[in-house]
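Take 0 as the starting number for the sequence shown in numbering that gives the first Met the number 0 and just add one per residue.
Heads up, the beta-carbon is just placed ideally off N, CA and C, and yes, glycines get one too.
Everything below concerns the one structure shown next.
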Amino acid sequence: MIYKHLRNIFAFTPVVLFSLALSTPSYSQTLDSEELSFLTLINNYRAQNGAGALQVSVALQNSSTWMSTDMATKNYFSHTDSLGRDPFTRMKAFGYSYLPAGENIAAGYSDAQNTFNLWVNACDPDSSGACTYAHRQNMLNRSYVVMGIGRAYNSASTYHWYWTTDFGGYLDQTINLNGPPPAPVITSFTANPTTVTAGQSTTLSWTTSGATAVSIDNGVGDVTNRTSIVVTPPQTTTYLLTASGSGSTSAATTVTVTAGGSSAITIWPNSTIPANSSSSLGMAIEVGVKFRSDVAGRITGIRFYKGSRNTGTHTGSLWTRDGKLLATGTFSNETATGWQTLTFSSPVAISANTTYIASYHSPTGIIALDWSYFLTRGADNPPLHALKSGVDGANGVYLYGTGGKFPSSSASGYNFWVDVTFVH
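Here it is as structure tokens:
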């Protein structure tokens with residue numbers, strides 16, 4: 000064993016921590032015999048040097064155990080883990096976001112005594128060659144009140160045995176070494192997104208504490224060693240997450256994903272290309288279409304056909320027949336030409352056989368335009384219908400000027416090639 004197989008890191012001032020979309024799994028909240036021996040060794044050592052005894056933090060024990068296992072499994076030796084996290088980010092992911100905090104790692108010894116001696120005696124020279132004994136200072140830091148102790152073994156790894164000790168200055172939930180570990184707790188369970196169309200996937204994510212087994216119903220099954228999973232609900236589904244450990248089971252937590260009964264429907268197919276895709280009206284204009292659905296459902300966004308000269312930033316809106324704004328947004332990632340789609344942040348419920356207006360704003364006044372399209376016909380893709388003029392006033396509505404205003408004027412059957420995306 001040589002000193003290059005041990006490292007330490009500590010912090011007394013706040014550091015910048017990035018947040019993780021996923022946290023990491025919880026491990027058994029018990030210590031093996033060598034980890035318990037190490038706890039005795041370090042607390043005796045601290046007592047001899049005037050420092051208080053350390054308790055074992057649930058969060059830091061999980062963090063330390065995960066780190067040692069990660070080094071052993073992935074065969075590396077570094078404070079930066081295989082997910083690219085520094086120790087403080089990893090501790091935060093396990094629920095310990097407090098400072099001061101610190102970490103020692105070592106590799107090569109299976110037993111507590113030799114690992115303890117290694118950290119006590121390590122010189123840890125500074126740039127001038129003088130010993131700093133940084134590992135020892137971490138173990139004797141009087142600001143610390145809790146720690147985690149993790150060791151792991153992998154015969155295929157370079158050093159076989161890997162140790163991690165994480166330290167913290169805040170007394171959080173601790174392991175009762177004289178009794179059963181605390182009952183498992185589900186700390187979060189979410190779905191993103193919570194509303195999908197048929198065939199669309201969503202990501203279920205969760206965090207737990209003290210769990211040795213985690214499962215989700217509705218065909219998902221055991222997810223003990225995971226913190227997220229992608230699912231494709233065939234219909235609106237309520238997922239139930241259960242965590243168990245130490246002979247008990249947590250109260251179940253649920254999350255509901257609303258799924259549309261069909262894929263998104265539009266009035267016109269993507270293959271439709273207007274004959275006049277770049278007509279110039281001379282000034283900025285909001286243009287729209289009156290439409291209905293045979294069935295109730297949800298409008299998920301607005302579409303419009305874009306010609307090559309229709310440049311600038313476009314916004315889209317959904318309105319009631321009398322001008323109440325239901326949703327709006329800005330088109331992004333537009334192509335040079337073709338159908339452009341804005342997806343609302345939240346779908347809008349609409350009623351059956353009720354007139355609504357979908358519109359978009361062209362800041363240049365250059366738009367796709369068919370002058371008399373709706374005079375003699377509507378456009379039908381059941382359950383959606385763009386209305387023939389006369390069914391509910393003239394179709395082809397507009398308003399000159401800045402965007403986001405209700406297109407209250409009616410043209411004589413003009414088709415401005417505005418569309419919607421609809422699910423039911």
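| Item | Value |
| --- | --- |
| Three Cβ pairs or more, each shorter than 8 Å: is that satisfied between the stretch 134-141 and the stretch 104-119? | yes |
| On the three-state DSSP scale, how would you describe residue 190? | strand |
| Hey, quick one: how far does the beta strand (DSSP E) through residue 146 stretch, first residue to last? | 145-152 |
| Give the DSSP-derived three-state secondary structure of residue 11 in the structure shown. | A caution first: residue 11 carries a pLDDT of 33, below 50, which makes its placement in the model unreliable, though a value can still be read off. Residue 11 falls in the coil class under three-state DSSP. |
| How far does the beta strand (DSSP E) with residue 416 in it extend, from its first residue to its last? | Note, residue 416: premise wrong, no beta strand (DSSP E); not H, not E. |
| Within 10 angstroms of its Cβ, does residue 282 collect 16 or more other Cβ (buried), or is it exposed? | exposed |
| Within the continuous beta strand (DSSP E) that includes residue 213, where are the two ends? | 212-215 |
| Hey, quick one: how far does the alpha helix (DSSP H) through residue 134 stretch, first residue to last? | 133-139 |
| For the alpha helix (DSSP H) that contains residue 58, what are its first and last residues? | 57-73 |
| Name the one or two DSSP bridge partners that residue 385 has. | 290 and 378 |
| May I have the straight-line CA-CA distance separating residue 365 from residue 385, to the nearest angstrom? | 22 Å |
| Taking contact to mean 3 or more Cβ pairs, one atom from each stretch, closer than 8 Å, check whether the stretch 390-397 and the stretch 299-306 are in contact. | no |
| Please determine if the stretch 70-78 and the stretch 146-156 are in contact, where contact requires at least 3 C-beta pairs separated by less than 8 Å. | yes |
| Does residue 322 pass the burial test, meaning 16 or more other C-beta atoms within 10 Å, or should it be called exposed? | exposed |
| Under DSSP, the alpha helix (DSSP H) around residue 41 begins and ends at which residues? | 32-47 |
| How close, in whole Å, do the beta carbons of residue 81 and residue 167 come, if the pair is a contact with beta carbons under 8 Å? | Not confirmed; about 22 Å, so no contact. |
| How would you write the range of the beta strand (DSSP E) that residue 404 sits in, first residue to last? | Element bounds for residue 404: n/a, residue is neither H nor E. |
| Under 8 Å, with one C-beta from each stretch per pair, do the stretch 221-241 and the stretch 180-195 reach the 3-pair mark? | yes |
| Below 8 Å, how does it come out for the stretch 315-330 and the stretch 357-376: are there three or more Cβ pairs, yes or no? | yes |
| What are the partner residues of residue 324, as DSSP defines its beta bridges? | 318 |
| Apply the 10 Å Cβ neighbour rule to residue 240 and answer buried if 16 or more other Cβ atoms are within range, or exposed otherwise. | buried |
| At the level of alpha carbons, what is the spacing between residue 401 and residue 311? | 13 Å |
| Does the beta carbon of residue 293 fall short of 8 Å from some heavy atom of the ligand GDP? | Among the components of this structure there are no ligands whatsoever, and the ligand GDP is therefore not found. |
| According to DSSP, is residue 92 part of a helix, a strand, or is it coil? | helix |
| How big is the Cα-Cα spacing for residue 67 and residue 253? | 33 Å |
| Does the separation of the CB atoms of residue 285 and residue 389 fall below 9 Å? | no |
| Can you grab the Cα-Cα spacing for the pair residue 258 / residue 267, in whole Å? | 23 Å |
| Taking DSSP as the reference, what is the three-state secondary structure of residue 372? | helix |
| Within 10 Å of its beta-carbon, does residue 237 have 16 or more other beta-carbons around it, so buried, or fewer, so exposed? | exposed |
| Report yes if the CB atom of residue 143 is closer than 9 Å to the CB atom of residue 50, and no otherwise. | yes |
| Return the chain-ordered list of same chain residues with a C-beta closer than 7 Å to the C-beta of residue 292, the five sequence neighbours on each side being excluded. | 349, 351, 382, 383 and 421 |
| If you run the structure through DSSP and keep just helix, strand and coil, what is residue 410? | coil |
| When you compare each of 109, 276, 255 and 418 to residue 378 by their alpha carbons, which one comes out closest? | 418 |
| Can you say whether residue 155 is buried or exposed, counting buried as having 16 or more other CB atoms within 10 angstroms of its CB? | exposed |
| Given this structure, state the Cα-to-Cα distance separating residue 204 from residue 270, to the nearest angstrom. | 38 Å |
| Is the separation between the beta-carbon of residue 446 and that of residue 372 shorter than 9 Å? | No answer is possible for residue 446: it lies beyond the span of the chain, which begins at 0 and ends at 423. |
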